[in-house]
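Note sheet for the following structure.
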Amino acid sequence: MLPKATGTWTKAEARHLLNRAGFGGSPDEISRFHALGREAAVDVLLNPEESIKAFPMPEWADLESALAKSHEHLVERQEMMEKIKTLPSDEGAKLRRMIQGERQKEVRRQGIEAQGWWFRRMLRTQAPLREKMTLFWHDHFATSAQKVREPMFLMNQNALFREHATGNFRDLTQAIVRDPAMMLYLDLPRSSREKPNENFAREVMELFTLGEGNYTETDVREAARAFTGYVLNRRTGEVTQNVTRWDGSEKTLFGRSGRFNGTDVVKLIFRKDECANFMAGKLWEFFVYENPGPTIQISLGDSLRKNDYEIAPVLREIFLSEEFYRENSRAVQIKSPIQYLVQMLKELELEEPPPSLPILGQTQLGQQLFMPPNVAGWDWGKAWINTNTLLARYNLAGMVTKGGLGDNRTGKMRLGKMRGRRSRQGKSTAPDYASLVAERDRQDVSRLVDGLIGRFFSMPIPEKARTSFIEYAEEKRGVAFTDTELGELCHLMLSTPYYQLC
């Protein structure tokens with residue numbers, strides 16, 4: 000096992016853990032988290048009290064509700080198709096295009112609703128590690144709405160990731176190779192004994208379980224034959240194996256021979272040491288830092304194997320390790336767009352974002368939920384930052400700190416009055432600076448700045464930066480330090496390079 004952290008459990012360490020294993024928190028949340036003690040804090044993350052069903056999905060995403068309506072829609076579609084047959088060809092084609100256009104609009108609407116639903120769940124959840132791991136699996140087993148075009152399947156895949164968030168990696172992999180969204184994304188239903196889908200088999204090994212170089216082309220071809228015959232009922236989401244399309248002949252995979260199917264392939268993959276080492280490295284890079292080195296990776300791989308591929312014990316080992324809390328592990332990750340947005344809202348103690356922030360932010364910053372760029376997921380780290388996305392981060396920070404409103408029709412940002420901005424649920428969408436900064440703290444600029452630094456930055460910032468904040472605040476302060484000036488000061492802080500790090 001990795002050497003455990005010893006010594007005093009500090010608030011800075013509690014903050015670091017909450018940032019990495021979740022999406023950060025307010026000073027009060029961090030204080031309550033710190034009061035638990037190191038081991039208890041980790042246990043709370045791994046064993047949340049919040050029900051997995053605490054945030055009901057939209058009705059259209061609920062499989063049972065959707066299936067109840069699917070028969071009606073099927074009958075309506077069949078009736079419409081019969082009507083088209085009776086029309087002249089040009090009129091029939093026009094009506095067909097209209098039906099297809101309406102369906103495309105509905106798919107886009109549901110996709111946007113799904114992105115907003117998950118964003119708000121990450122913001123409000125009392126089970127932050129569960130949501131962070133759901134995001135991890137969404138990136139690891141990447142599928143995109145742009146190809147799947149069935150938001151209901153994507154939302155149910157999202158529920159699958161949440162169900163297995165810190166559970167068994169092997170069980171999740173068995174489930175994902177028969178998941179409707181994944182099957183559509185990687186074209187598995189087209190795979191037959193006459194034409195096996197080698198791309199599917201390759202991605203399962205290279206990206207999902209073993210990593211590049213830990214399998215042969217023969218393994219790919221043999222696994223592809225095993226994965227033939229899987230059929231998806233797009234109306235019900237049911238997956239079955241059609242034995243007439245399955246290649247049931249003997250195959251040789253990783254030196255073993257048999258009449259393997261897809262389930263057998265996954266079992267064989269998880270017998271290889273490289274599988275545990277591969278996943279251990281990915282978990283470390285997601286939660287700690289890049290390129291952990293062979294000692295850490297092999298040690299965690301051993302732990303994963305010894306725990307029969309249960310993820311929770313390995314996460315516990317990471318979060319209690321000495322290395323996790325070292326200075327070289329803190330404030331070295333560039334915040335992903337989702338991390339940046341959700342953490343900013345939590346630190347400003349907002350339960351509800353400005354109306355268009357979830358969708359606008361995801362689009363402008365380059366991390367749209369349910370829409371990773373390819374099967375390898377997003378590029379992380381420095382890839383999050385370029386001239387355009389950095390400017391967008393500054394603008395979005397201004398939108399939040401200055402009480403901005405998003406125009407849902409145009410997607411453009413506009414600023415409104417600081418107070419009184421509320422969602423349809425009655426929750427404020429602008430920071431309540433009266434609660435964030437007490438009146439007595441506004442009389443002392445140094446104390447004001449230090450309080451905000453403690454709120455926003457996970458590591459001490461250079462004295463030069465602190466001085467610049469004080470000078471800016473002194474310049475902005477009039478007779479009294481109002482919410483407007485506070486918003487501008489917060490905007491400045493959230494626009495610095497230091498705030499981009501987690």
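Quick note on numbering that gives the first Met the number 0: the sequence shown kicks off at 0 and runs consecutively. Virtual Cβ for every residue (Gly too), placed ideally from N, Cα, C. Please read these numbers as outputs of a predicted model, since none were measured by experiment.
query, result
"Would the beta-carbon of residue 472 fall within 8 Å of that of residue 488?", "yes"
"Smallest Cα separation from residue 79: which of 482, 87, 268, 98?", "98"
"Output yes or no for whether 8 Å exceeds the beta carbon distance between residue 334 and residue 500.", "yes"
"Within 10 Å of its beta-carbon, does residue 444 have 16 or more other beta-carbons around it, so buried, or fewer, so exposed?", "buried"
"I need the boundaries of the beta strand (DSSP E) containing residue 255, first residue and last residue.", "255 to 257"
"Do the stretch 210 to 224 and the stretch 144 to 163 touch if we need at least three Cβ pairs shorter than 8 Å?", "no"
"Among 49, 131, 10, which one has its Cα closest to the Cα of residue 314?", "131"
"Assuming residue 165 and residue 207 form a contact by the criterion Cβ under 8 Å, report the distance between their Cβ atoms to the nearest whole angstrom.", "Not confirmed; about 18 Å, so no contact."
"Between the Cα of residue 140 and those of 148, 360, 377, spot the shortest distance and give me the residue it belongs to.", "377"
"Would you report the Cα separation of residue 133 and residue 89, rounded to the nearest angstrom?", "47 Å"
"Could you tell me which residues DSSP pairs with residue 167 in its beta bridges?", "309"
"Helix, strand or coil, according to DSSP, for residue 417 in the structure here?", "Only weak support is given to the placement of residue 417: the predicted model assigns it a pLDDT of 40, under 50, and the value that follows is read from those uncertain coordinates. Note: residue 417 maps to coil in three-state DSSP."
"Return the Cβ separation of residue 248 and residue 184 in integer angstroms, given the expectation that the two are a contact with Cβ distance under 8 Å.", "Actually they do not touch by this definition, with Cβ atoms about 27 Å apart."
"Between the C-alpha atoms of residue 426 and residue 351, what's the straight-line distance to the nearest angstrom?", "6 Å"
"Considering only their Cβ atoms, is the gap separating residue 279 from residue 303 smaller than 8 Å?", "yes"
"Using three-state DSSP, classify residue 320 as helix, strand or coil.", "strand"
"If you reduce the DSSP assignment to three classes, tell me which class residue 25 lands in.", "coil"
"Between which residues of its own chain and residue 228 is the CB-CB distance below 6 Å, once the five residues before and five after are set aside?", "240, 241, 244, 245"
"Taking the C-alpha atoms as reference points, what is the distance between residue 371 and residue 263?", "29 Å"
"Short check: CB of residue 44 to CB of residue 127, under 8 Å?", "yes"
"Note down, in chain order, each residue of its chain lying with its Cβ closer than 6 Å to the Cβ of residue 49, except the 5 sequence neighbours on either side.", "125, 126"
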